[in-house]
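Quick notes on the structure that follows.
Numbering (this note's numbering), first residue to last: 13 to 163.
Okay, here's the thing in structure tokens:
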């Protein structure tokens with residue numbers, strides 16, 4: 013089982029996300045990573061194995077940013093290695109995901125035909141590319157409609 017943590021804060025969030033992931037460590041995982049927004053760009057640090065390895069990566073290559081996401085992954089598609097570790101990202105979108113995307117092969121084929129380049133063997137990476145593709149088409153996320161309450 014995986015863990016997901018997200019923060020939109022007022023100080024560097026990578027250390028806080030790492031600590032939160034450590035609290036979820038009992039859940040079992042085989043890789044971990046953190047992505048943050050730094051000066052409008054997405055930066056990531058990922059590692060196979062336990063969070064102590066990710067912690068070492070973060071000490072060697074600190075990660076700034078006040079907005080970020082973190083994930084501990086249990087591999088379902090692709091080997092448990094750094095490339096397949098979450099978060100997955102491209103220039104516009106970073107995602108973490110629990111579960112299985114059953115039609116990822118078809119989606120991946122469509123996105124490859126449009127020129128998207130994939131790094132990993134995972135199903136989850138398709139989500140980042142699909143969202144970026146929609147943004148490239150000037151499609152905007154839908155916001156839920158608010159229901160009016162009669163008083």
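C-beta: ideal position from N, C-alpha, C; glycine also.
No experiment lies behind these values; they were computed from the predicted model shown.
### Query
Beta-carbon separation of residue 79 and residue 44 under 7 Å?
Translated into the one-based positions of the chain shown, residue 79 becomes position 67. Translated into the one-based positions of the chain shown, residue 44 becomes position 32. Not a contact, by the Cβ cut-off of 7 Å.
### Task
Kindly confirm or deny that the segment 94 to 106 and the segment 138 to 150 touch, where touching means at least three C-beta pairs closer than 8 Å.
yes
### Message
Under 8 Å: do the segment 65 to 79 and the segment 106 to 120 share three or more Cβ pairs, one atom per stretch?
### Response
no
### Task
Quick one: residues in its chain with C-beta nearer than 7 Å to the C-beta of residue 37, no 5 flanking neighbours on either side, listed in chain order?
Mapped onto the chain shown, residue 37 falls at position 25. The answer, listed in chain order, is 63.
### Task
Could you tell me if residue 23 is buried or exposed, where buried requires 16 or more neighbouring beta carbons within 10 angstroms of its beta carbon?
Counting from 1 along the chain shown, the entry for residue 23 is found at position 11. So residue 23 counts as exposed.
### Query
residue 57: buried (16+ other C-beta within 10 angstroms of its C-beta) or exposed?
On the chain shown, residue 57 is found 45 positions in, with the first residue counted as 1. By the neighbour-count rule (16 or more Cβ atoms within 10 Å), residue 57 is buried.
### Task
Output the distance between the C-alpha atoms of residue 72 and residue 148, rounded to the nearest integer angstrom.
Here residue 72 corresponds to residue number 60 of the chain shown, with the count starting at 1. Here residue 148 corresponds to residue number 136 of the chain shown, with the count starting at 1. Each residue's Cα considered, the two are about 35 Å apart.
#### Entry: Alpha-carbon spacing of residue 107 relative to residue 51, whole angstroms
Indexing the chain shown from 1 puts residue 107 at position 95. Indexing the chain shown from 1 puts residue 51 at position 39. If I take the Cα positions, the gap works out to 18 Å.
#### Entry: Exposed unless 16 or more other CB atoms sit within 10 angstroms - verdict on residue 134
Here the question's residue 134 lines up with position 122 in the chain shown. It is buried - the Cβ of residue 134 has at least 16 other Cβ atoms within 10 Å.
### Task
Take the Cβ of residue 39 as the centre, count every other Cβ of all protein chains shown within 10 Å, and call the residue buried at 16 or more, exposed below.
Within the chain shown, the letter at position 27 stands for residue 39. Burial call: exposed.
### Query
Bridge partners of residue 43, per DSSP?
Taking the first residue of the chain shown as 1, we reach residue 43 at position 31. Its beta-bridge partners are 60, 85.
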